[in-house]
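To keep things clear, I will list the structure first and then write my remarks on it.
In my numbering, the protein residues as written are 1172 to 1955.
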C-alpha cells in the first residue's frame, strides 16, 4: 500500500482544545483526517440521514474558547463553530463520506485493545474519503458474537508482589485500626453506646493518624446524640464540620448539631445550622430529618402552624419511610386537639407505610389512640391498636388493655364483623380478664349481626329476638335493626306499619328512628311516583309532613304533564326557578318554558327562554339546546319576524341541516315571500329541497319549488329556475299543480329562447288540466 502525507493544514489551540487536519493518499486515493482533542472528555456524535449516511458530526464542549474557531475547509471537510445554551459546538460536514472514531487507547501504553462504543472521549478522529474507506479493513461482525480483547504484548510476565532485600515476599500485617473500627460500628448497631465510645477513645490514642479519624469523630457525634449528651454532640460536630468539610456525612452532622442546639434551648444557634442544612443539602434525607427537628423546635416554642408546615414538608418531599413515618406521627399528635379527622388521616398514612412505628413510644401512641377515640375516630384508633398488637406479644403490660380497646372501638364503627372478631379474640385470650364482663355485654349487642344469613333469615332472627327479649335492650335493638333491614330491602309499607313501636324507642340510643320512618315514607312515595299514582304521592307527603322539594318535583311534574294538568306542573316548576343549584335552575326554566308554549303563553315563554340562555355556557353541548326551536315557533306565532330570523340563525349554528327543522325552513320561506326577499327564499327553499332529496320525501312540494322558482326568476337566474321547476317532473302532483308546473316551465324556457321546448311545455300544461287557470295562461302564451 502506497501512502504519503500531502500537507498538515492547520492546528488550533483554545484552552486545551486542539483541532488538526491532515491530507494523504492510500493506494493512490486521496483522503483527509481530522483530529480533535481536549484535556476534558467531550461528546462527538455523527448525524445520519434516512439512508444511514453520515451528513454531519457535532462535538459539544462545556467551555467556550477565548477566540472562536474560524471557518475551515479542505477537499473533504468544512468546519464551523457556534455557541448555544451555555454549550460550545464544533460542526464538521463532509463533502463526500466520513467516519468517526473515539481514541480511547494509547498504543504506547495500553497492552490490550477491544471494540468499544463510547459516547465521550478526550480525543476523536474523523476520516474523509470518496468511495472506499482507506487504511482500515471493514468486516461485518455478528451482533451476537463475543468481543474478545486484543493483546499487543507478546509475553506476560508472572507477578509475585513486593520482595524484601533478600528476595523474599513481604508480608503486610493486618491493620489493627480497621478491626477496631468495624467493632465500633457493631457496638453502635447493637446499641452498646458506652462501649463504642470507650473503644473510639482507645483507637484515637493508639492510632492518632488513623485513616478512619473522620469516621470515628462522626460516630462519636452519633453516639453522644443517642446518649442525649448534647453538649458533646455540639463540640464534636463543630470539629467535624471544620476538619472534614467535604465529607459525605456533613448533612447528617448538620442535622444533629441543629437538633442538639434545639435540645439545649439555643434556638438561634440551631437556626443557623438548619439554614445551612436546608440551603446546602436540599433534597438530602438528613435535610428532611432537619425539617422534623425544626418542627419540634417550633412546636415547643408555640409556633404550631409553622411546625405543621415543616412536618408536611418532610412528609411530602421524602422517599424515606422512616422520615415519612416520623413526620406523619408528629402531624397526628399536633393535630389531635383541633383537627382530629386530619390527625386520623396522617395516622393512617403511618399504618399504610410503617405500622410498627407506633412502637417507638408505646405510651404516647396509647394516648394518641385514646384521643382519636374520644373524638369519634374509632376506626383509626382501632387500626393503630391492631398495628401495635401485631408487633407486641401478650407479655407486654399493655397487651390486654389494647386488645380490649380495639374490640370496643370497632364495635362503635360500621364494621361489625371486625368488631365481633376482636371481641371473640379477647374472650379467647383472656376468659377471666379484667374486662371480660364489658366485652361480653358488647358482644351480646352484636350477636344478631351475622353476615352469613340472608335478609329473610335475618328478619326471622330479629322477630325471634323481639319476642324472646321483649322489653329488653336486645329486643329494642332487634326492632331497630329490623326496621333498617326492611328499609334496605325497600319494603317500605312494613316499616310504616312499625311506626308506633319505632317511635317508642329511646331517642338518645336510636336518634335516627324518625329519619328511618321518613325514608320509608319517601321510598313509598317514590314507588307511587314510578306507578304514576300522583294522588297517593300527595297524600303521603301531607301525612308525613314531607315538603315537596326538588327531590319530589321531577315525578310530580311528570304526573301533572302526563295528565295535562298544566296548572300543577307550572306551580311545581315555578318554585324551582330560583334554585341555588344552577343545574336544577336550568332544568326547571326549560320545563317552565315548555309549559308556557303548550298553554300559548308565548310572551312569557320568550322571557323565560332568554333567562335560560343566559345560564348556558355552551349551547351546542347543552341538553336544552332545542330551546331555540321553541323560541322560533313562539316568535312565528307572535309574528316577530326579525326575532324569527335571529332564532333561525342559532338553530342553523347548533343543528346544521336537520329534518326536524323543515317546517321552520318553510316558515322562513313564507317570511321571505312576505318581505319580498328573494335571498331568504332561495336560502331556505334550497335547504328544504336538499332535506327532501336526502330523505326521499316531498311533503313540502310543490309549494317550496314554486317559491324557489319565483325567486330565481325575479333575480333573472333562469337556468336555476329551470332546474328547480324540472325537478317536479318526478314528483306526484295534482292536475292543477301539474298544469302550473308545466306553465312555469314554459315561461322559463321562453326566457332562455328555447321556444320549441316552451311550446311543448305549454301544451303539456293545457293537457294536464284543461279547465285550470294555468291552462288558460298557457293557451294565451301560445297565441302570442
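Positions of the beta carbon are idealized from the N, C-alpha and C atoms, including for glycine.
Kindly list the residues whose CB is nearer than 6 Å to the CB of residue 1731, restricted to its own chain and excluding five residues on each side of it in sequence; keep chain order. These residues qualify, in order along the chain: 1739, 1740.
How many angstroms separate the CA atom of residue 1443 from the CA atom of residue 1417? Cα to Cα, residue 1443 sits roughly 19 Å from residue 1417.
Contained alpha helix (DSSP H) runs [length at least 4] in the stretch 1814–1871, N- to C-terminal order: For the stretch 1814–1871, whole alpha helix (DSSP H) runs of length 4 or above, ordered along the chain, are 1833–1846, 1849–1866.
Run through DSSP, which three-state label would residue 1878 get? It is helical.
C-alpha gap between residue 1894 and residue 1800, whole angstroms: Across the structure, residue 1894 and residue 1800 are spaced so that their CA atoms are roughly 31 Å apart.
With DSSP collapsed to three states, give me the class of residue 1582. Reduced to three states, the DSSP call for residue 1582 is helix.
What does a CB cutoff of less than 8 Å around residue 1388 pick up in its chain, not counting 5 residues either side in sequence? Contacts found: 1407, 1410, 1411, 1414, 1415.
Exposure label - residue 1501; buried when at least 16 CB within 10 Å: With 16 or more other Cβ atoms from the protein chains shown falling within 10 Å of its own Cβ, residue 1501 counts as buried.
Here's the rule: buried if 16 or more other CB atoms are within 10 angstroms of the residue's CB, otherwise exposed. What is residue 1767? Counting the other CB atoms within 10 Å of its CB gives residue 1767 a total of 16 or more, which places it among the buried residues.
Name the two residues that bound the continuous beta strand (DSSP E) containing residue 1259. Element bounds for residue 1259: 1258–1265.
Tell me whether residue 1405 is buried or exposed, calling it buried when 16 or more other Cβ atoms sit within 10 Å of its Cβ. Using a 10 angstroms sphere on the CB of residue 1405, the tally of other CB atoms reaches 16 or more, which defines it as buried.
Simplified DSSP assignment, three categories, for residue 1247: In the structure shown, residue 1247 falls within a coil segment according to DSSP collapsed to helix, strand and coil.
Confirm, please, whether the CB-CB distance from residue 1949 to residue 1914 is below 8 Å. Yes, the pair counts as a contact, with Cβ atoms nearer than the cut-off.
Distance CB(residue 1207)-CB(residue 1289) smaller than 8 Å: At the C-beta level, residue 1207 and residue 1289 stay beyond 8 Å of one another.
Alpha carbons only, please: which of 1512, 1555, 1490 is nearest the one belonging to residue 1521? If we check each option's Cα against that of residue 1521, 1555 comes out closest.
Determine the burial state of residue 1482: buried for a count of at least 16 other Cβ atoms within 10 Å of its Cβ, exposed for fewer. So residue 1482 counts as buried.
From the DSSP output, read off the bridge partner residues of residue 1231. The partner list for residue 1231 (beta bridge, DSSP) reads 1214, 1260.
Per DSSP, residue 1470 forms a beta bridge with which residues? DSSP, once it has assigned bridges, lists no residue as partnering residue 1470.
Measure the alpha-carbon distance for residue 1228 versus residue 1210 and round it to whole angstroms. When rounded, the distance between both Cα atoms is 20 Å.
Enumerate, from N- to C-terminal direction, the unbroken alpha helix (DSSP H) stretches of 4 or more residues contained entirely within the stretch 1764–1808. Taking 4 residues as the shortest admissible run, the stretch 1764–1808 contains the following complete alpha helix (DSSP H) segments, listed from N- to C-terminal end: 1773–1786.
Residue ranges of each alpha helix (DSSP H) run of no fewer than 4 residues wholly in the stretch 1407–1462, ordered along the chain? Correct list: 1421–1434, 1438–1451.
Straight-line gap, residue 1757 to residue 1480 (C-alpha atoms, nearest Å): If I take the Cα positions, the gap works out to 43 Å.
Please tell me whether residue 1268 and residue 1300 are closer than 8 Å, where the distance is taken between their beta carbons. In this structure, residue 1268 sits near residue 1300, with a CB-CB distance shorter than 8 Å.
Can the beta-carbon of residue 1912 be found closer than 8 Å to that of residue 1920? No; because the gap between Cβ atoms is not below 8 Å, this pair is not in contact.
Of all the options 1233, 1271, 1637, which has the alpha carbon lying nearest to the alpha carbon of residue 1255? Looking at the Cα atoms, 1233 is the closest of the given residues.
Keeping to the same chain, check which residues put their C-beta closer than 6 Å to that of residue 1886; ignore five residues upstream and five downstream. Leaving aside the five residues that flank residue 1886 on each side, the residues in its chain whose CB is nearer than 6 Å to its CB run, in chain order, 1849.
With 16 other CB atoms within 10 Å as the buried threshold, where does residue 1356 fall? The residue in question, residue 1356, is exposed, as its Cβ has fewer than 16 Cβ neighbours within 10 Å.
Can you give me the C-alpha to C-alpha distance between residue 1581 and residue 1526, rounded to a whole angstrom? Residue 1581 and residue 1526 have their alpha carbons spaced roughly 18 Å apart.
Which two residues bound the contiguous alpha helix (DSSP H) that contains residue 1516? Start and end: 1511–1524.
Segment limits, beta strand (DSSP E) that includes residue 1295: Segment 1291–1300, the beta strand (DSSP E) holding residue 1295.
Kindly indicate which residue of 1523, 1462, 1845 has the alpha-carbon position closest to the one of residue 1965. This structure leaves residue 1965 out entirely; the chain is present only between 1172 and 1955.
For residue 1270, does the three-state DSSP call read helix, strand or coil? Reduced to three states, the DSSP call for residue 1270 is strand.
What does a CB cutoff of less than 6 Å around residue 1855 pick up in its chain, not counting 5 residues either side in sequence? Excluding its 5 nearest sequence neighbours in each direction, residue 1855 has C-beta neighbours in its own chain below 6 Å: 1836, 1839, 1840, listed in chain order.
Can you give me the C-alpha to C-alpha distance between residue 1351 and residue 1374, rounded to a whole angstrom? When rounded, the distance between both Cα atoms is 7 Å.
For residue 1649, the first and last residue of its enclosing beta strand (DSSP E): Here residue 1649 belongs to no beta strand (DSSP E); instead the alpha helix (DSSP H) covers 1644–1659.
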